[in-house]
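**Q** Counting from 94, one number per residue, gives the positions in the sequence shown under my numbering. Just so it is clear, CB atoms sit at the ideal spot from N, CA and C, and this is done for glycine as well.
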Amino acid sequence: MFLDSASPTEQKVWSKDLEPQLISDWEKQGIYKLSSADKEKPFVIDTPPPYINAPIHIGHAYTYTWMDAIARHKRLMGYNVVFPIGMDRNGLPIEVQAEKEFKMSILTTPREEYIKNCKLLLEKYENSSLTTFKKLGISFNDWNTDKRIGGAYETDSEEYRRLTQETFIILYKKGLVYESEMPSNYCTECHTTISDSEVEYKEDETNLYHIRFSTSQGSDIIIATTRPELLASCKVLLYNPDDQKNKKFKGHTATVPIFNSNVKIIEHSYADPGYGSGVLMVCSFGDLEDVKILRELKIQPTFVIGKNGKMNIPGSELNGLKIKEARNKMAEMLEANGLLVKTERVPHRYPICWRSKGPIEIIPTKEIYLKQVEYKDALLKEIRSMSFFSPKSRKLLEDWINGISVDWAISRTRYYGTEIPLWYCRKCSAAILPEPGKYYVPWRQHAPVEKCGKCGSTEFVGDERIFDTWFDSATSDLYVSGYLWDKKFFEAEFPVSLRPQGKEIVRSWLYFTVLKSYLLFGKMPFKNVWIHMHVVDEKGEKMSKSLGNVVDPMKIINEFGAEAFRAFAFSDNDITEDDVKCSQERVRAAGKFLTKLWNISRFISLFEKVEKIEEKDITDTDKWVLSVLSETEAKVKELNESYKFDKSAFALRYFTWNIFADHYLELVKKRAYGEGFSGAESKSARYTLHHVLKHLLVLWSPMLPLITEKLWKGTYGKESIHKQTYPELPKDYKMSEYTDKIIAFDSSVWNAKKEKGLKNKDQINFEIPKDLQQFSRDIMSLHSLSNG
Ligand SMILES: [Zn+2]
Ligand SMILES: [Zn+2]
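1. Is it the case that the Cβ atoms of residue 339 and residue 348 are separated by a distance below 7 Å?
2. Given that a residue counts as buried once 16 or more other Cβ atoms are within 10 Å of its Cβ, and exposed if not, what is residue 815?
3. Between 531, 565 and 522, which lies nearest to residue 545 when the distance is taken from Cα to Cα?
4. Tell me whether residue 92 sits in a helix, a strand or coil according to DSSP, three-state version.
5. Could you name the residues of the same chain whose beta carbon sits closer than 6 Å to that of residue 481, not counting the 5 residues immediately before and after it, in chain order?
6. What is the DSSP secondary structure of residue 548, reduced to helix, strand or coil?
7. Taking the beta carbon of residue 441 as the centre, do at least 16 other beta carbons fall within 10 Å, making it buried, or is it exposed?
8. Can you tell me where the alpha helix (DSSP H) holding residue 274 begins and where it ends?
9. Pairs of beta-carbons, one from the segment 779-798 and one from the segment 708-728, closer than 8 Å: are there three or more?
10. If you follow the beta strand (DSSP E) that residue 417 is in, where does it begin and where does it stop?
11. Nearest to residue 172 by CA position, among 196, 567, 153 and 135, is which residue?
12. Following a CB-centred definition, is residue 291 positioned closer than 6 Å to any heavy atom of ligand 1?
13. Enumerate in chain order the residues of its own chain whose CB-to-CB distance from residue 531 is below 7 Å, with the five nearest sequence positions on each side excluded.
14. Quick one: is the Cβ of residue 446 within less than 6 Å of any heavy atom of ligand 1?
15. Give, in chain order, every unbroken run of the alpha helix (DSSP H) that is at least 4 residues long and sits entirely within the segment 503-582.
16. Spatial neighbours of residue 801 within its chain, please: C-beta separation below 7 Å, excluding the five flanking residues on both sides.
17. Expressed to the nearest angstrom, what Euclidean distance is found between the alpha-carbon atoms of residue 430 and residue 423?
18. Tell me which residue opens and which closes the alpha helix (DSSP H) that residue 218 is part of.
19. By alpha-carbon positions, which one of 176, 152 and 698 ends up nearest to residue 140?
20. Within the chosen definition, does the segment 239-255 reach the segment 561-581 through at least 3 CB pairs nearer than 8 Å?
21. Counting only the same chain and skipping the five closest in sequence on each side, list residues whose C-beta sits under 8 Å from that of residue 257.
22. Looking at the secondary structure, which residues open and close the alpha helix (DSSP H) in which residue 688 lies?
23. Taking the continuous beta strand (DSSP E) assigned at residue 295, which residues delimit it?
24. With which residues is residue 446 paired in a DSSP beta bridge?
25. Between the C-alpha atoms of residue 385 and residue 360, what's the straight-line distance to the nearest angstrom?
26. Give the C-beta separation of residue 272 and residue 461 to the nearest angstrom, bearing in mind that I take them to be a contact with Cβ-Cβ under 8 Å.
27. Can you confirm whether the segment 842-860 touches the segment 767-777 when touching is taken to mean that 3 or more C-beta pairs between the two stretches lie within less than 8 Å?
28. What is the rounded straight-line gap between the Cα of residue 120 and the Cα of residue 233?
29. At what residue ranges does the segment 374-419 contain a whole run of the alpha helix (DSSP H), taking only runs of 4 or more?
30. Between 782, 506 and 752, which has its C-alpha nearest residue 763's C-alpha?
31. Which complete alpha helix (DSSP H) runs does the segment 782-860 hold, if anything under 4 residues is left out?
32. Mind listing, in chain order, the continuous beta strand (DSSP E) runs of no fewer than 3 residues lying wholly within the segment 441-496?
33. Counting C-beta neighbours from all protein chains within 10 Å, is the total for residue 646 16 or more, i.e. buried, or is it exposed?
34. Taking C-beta to C-beta, are residue 535 and residue 555 nearer than 7 Å?
35. Using only CA atoms, which one of 277, 878 and 588 lies nearest to residue 860?
36. Taking 8 Å as the cut-off, does the segment 203-219 touch the segment 609-620 (at least 3 CB pairs, one atom from each stretch)?
In structure tokens:
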């Protein structure tokens, strides 16, 4: 019988209204918390910290539900699972929003005030974005910030920032950090350098201008460009060595229109003979290719775009104009001088900033770099030591590494982030590096030394820059594995057991964590990497506000409950293989299984529990279902070990609904009640019903933690189902071969009755096949067979 007062005997159906109480009980009892005694056999998950200022979207809800299933499965395996939740509170996403809300600018707002406003914004959001995770029943160790393993964390805490700084100090001491002035991706809206991994591309249409250059030969060359405003920095013209029609220009020079400078015309394989006239102009710098070519040709660049995103060409009419204005102005000037042959609209792909979506310009800036180019081969080799789920996702990382051509610019001229812990001697410019162990704020703190070691000067200036946000994020692996507080644990448990994350941040979060770990410790940060694809709408389209197809997880939870959403999340797709389609209808449909599971459990709970039974007393029908359970259970455990929860849910659902409920329960119903059967036969049925249910609830618990908890506590005890481990496999009597035959036979009887207009309980004469004779007593009872 149900032990619980609010048991399923009274509660006729599963209801989403039962969820909040279960969740708050978990929290009150600290059921997922780690205690210091819990450090045996750990499994450490480096959960992605979401941004604090954005609501949890359906993709988060879906993928964290899968991560939760991983954590819960590992607990059932007997692991002490470190499953912390962090909140990402550093960097551009916070700054961009704070600038909007407080109408401030990095260019004019004093630093102290700017930081204060960022903090106000963060306070406003507090941890409200965690509400969705909580309602979904995610089993993070702790919802409160706590400086210990498993504790919730914030990436802008002094603890976290001092760890980021410590990694920098170690890398610096290893000689892996240097400062250099070179052309880099610069966002003219965020006013900072950004790394290649922060560059996105936008497809658009733009004007292609065909411009007339005159040559030293006296003939004209027509050059097609989308960036005529860069003409002042035109350095060389290229044509392809295979391009016969342009060979005639070999050794000649051309005059740049309007600016009248002379540039060489040379052969270079980068020129595409099929693009425009086949002659290409190289300016400093339209894109990163220009950077490479000018460097290769040893040509000094001329910079015509300033950090403010405006033209910097003293003496020109373009000077001080914004880039787009300058482009239009230039077109007008060329037109007026008869130098613009034609203008056409062409498709165009150009780089934008991941955060502000503003255009990227290539501007030379002085930045601090972390070496990476020289370690590409080593990294490509080392990443083979990490297991990828699914295996094909390793290629995303390999492709990114293969494409790297410059070192990582880790400094940013922004305010809200981890400060770069460096000071400089005012006299000789020597860099002063502090010792790790403290959180440093060089722009407002004194240098950590009294005298410059080189020149003896006592005056220093602190570095004013902060780190690239990814330099912080790529520290989470160390933070969650106790680097700061428990070196023994860290040394034993690093590499971290698992990094689960999205494919869109393979090139940033995963790559940078891999790079830093390799440079710091000479090894990979993870044993396993789980990469997920995206959640899309019913038609397979990306969800976006502008398309109006966004599915809000809070709405789904409020309407159908978290458990229905979870049933959907494991219903038919493997998100490591493909994008997953989500709609209200799919969630509603998946939720029907909960009613089925509830009804099965409710029915079984009516019977007295039989814990033990003599082997000889178990009937053949019971042995058959125990065999199928045993097989299913072994398969599910194996699938769960490779995180194939969609496939284990499929196998479990088939067993629960299509075999156990549809056939076994029907076959033994009367026997369980003792109607027409001996006491021993009845006992065997009751033993089997409870045995199967107990196993099923545990097997479902990683995916459906709420309904299984309610049913478990109501039927099998006060201790949470989430404190259990996988039970021993039921004995396999090797009788699962009968499954298809039983299903086929039952169906043929039910169909025959239907055709004759009989009810299921009506008698019928039907021959039991020879190989099902051992089940005949149950079969006859189920179908009311009149023959013997
Ligand atoms: Zn930007
Ligand atoms: Zn000095």
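**A** According to the structure data:
1. For the purposes of this step, residue 339 is taken as the residue at position 246 of the sequence shown. For the purposes of this step, residue 348 is taken as the residue at position 255 of the sequence shown. Contact flag unset, no.
2. For the purposes of this step, residue 815 is taken as residue 722 along the sequence shown, with counting starting at 1. Looking at its Cβ environment, which holds 16 or more other Cβ atoms inside 10 Å, residue 815 is buried.
3. Here residue 545 refers to the residue found at position 452 of the sequence shown. Checking every option, the nearest Cα to that of residue 545 belongs to 522.
4. The structure shown does not extend to residue 92, since the chain is modelled only from 94 to 881, so the question has no answer here.
5. As a working mapping, residue 481 is identified with position 388 in the sequence shown. Within the same chain, residue 481 has close Cβ partners 487 and 622.
6. Residue 548 sits at position 455 when you count from the first residue of the sequence shown. Coil, per DSSP.
7. Along the sequence shown, one-based indexing puts residue 441 at 348. When all chains shown are included, residue 441 counts as exposed.
8. The residue you call residue 274 lines up with position 181 of the sequence shown. No alpha helix (DSSP H) contains residue 274, which is instead part of the beta strand (DSSP E) from 270-280.
9. yes
10. Counted from its first residue, the sequence shown places residue 417 at position 324. Unbroken run through residue 417 is the alpha helix (DSSP H), 416-429; no beta strand (DSSP E).
11. Within the sequence shown, residue 172 is the residue found at index 79, counting from 1. Of the candidates 196, 567, 153 and 135, the one whose C-alpha sits nearest the C-alpha of residue 172 is 135.
12. Counting from one through the sequence shown, the residue named residue 291 turns up at place 198. The answer is no for residue 291.
13. Residue 531 sits at position 438 when you count from the first residue of the sequence shown. Excluding residues within five positions, the ones whose Cβ falls inside 7 Å are 255.
14. The residue given as residue 446 occupies position 353 in the sequence shown. Yes, the beta carbon of residue 446 sits closer than 6 Å to at least one heavy atom of ligand 1.
15. 562-566 and 569-573
16. Here residue 801 corresponds to residue number 708 of the sequence shown, with the count starting at 1. Taken in chain order, the residues that qualify are 790, 793, 794 and 814.
17. Taking the sequence shown and counting its residues from 1, one reaches residue 430 at position 337. Taking the sequence shown and counting its residues from 1, one reaches residue 423 at position 330. The straight-line gap from Cα to Cα measures roughly 11 Å.
18. The residue you call residue 218 lines up with position 125 of the sequence shown. Element bounds for residue 218: 204-218.
19. To locate residue 140, count along the sequence shown from 1; it is residue 47. It is 176.
20. yes
21. Here residue 257 refers to the residue found at position 164 of the sequence shown. Same-chain partners within the cutoff: 511, 560, 564, 565 and 568.
22. Here the question's residue 688 lines up with position 595 in the sequence shown. It spans 677-698 - the alpha helix (DSSP H) in which residue 688 sits, taken as one unbroken run.
23. Translated into the one-based positions of the sequence shown, residue 295 becomes position 202. It spans 292-308 - the beta strand (DSSP E) in which residue 295 sits, taken as one unbroken run.
24. Working through the sequence shown from its first residue, we reach residue 446 at position 353. For residue 446, which the question treats as bridged, DSSP gives the partners 292.
25. Along the sequence shown, one-based indexing puts residue 385 at 292. Along the sequence shown, one-based indexing puts residue 360 at 267. For residue 385 and residue 360, the distance between alpha carbons rounds to 16 Å.
26. Counted from its first residue, the sequence shown places residue 272 at position 179. Counted from its first residue, the sequence shown places residue 461 at position 368. Their Cβ separation, rounded to whole angstroms, is 5 Å, which keeps residue 272 and residue 461 in contact under 8 Å.
27. no
28. Here residue 120 is taken as the residue at index 27 of the sequence shown, counted from 1. Here residue 233 is taken as the residue at index 140 of the sequence shown, counted from 1. One C-alpha to the other measures close to 10 Å.
29. 381-389
30. Counting from 1 along the sequence shown, the entry for residue 763 is found at position 670. Out of 782, 506 and 752, 782 has the C-alpha closest to the C-alpha of residue 763.
31. 798-809 and 832-848
32. 453-463 and 480-482
33. The residue labelled residue 646 in the question sits at position 553 within the sequence shown. It counts as buried.
34. If you number the sequence shown from 1, residue 535 lands on position 442. If you number the sequence shown from 1, residue 555 lands on position 462. Closer than 7 Å, so yes.
35. Taking the first residue of the sequence shown as 1, we reach residue 860 at position 767. For the residues 277, 878 and 588, the minimum Cα distance to residue 860 belongs to 878.
36. no
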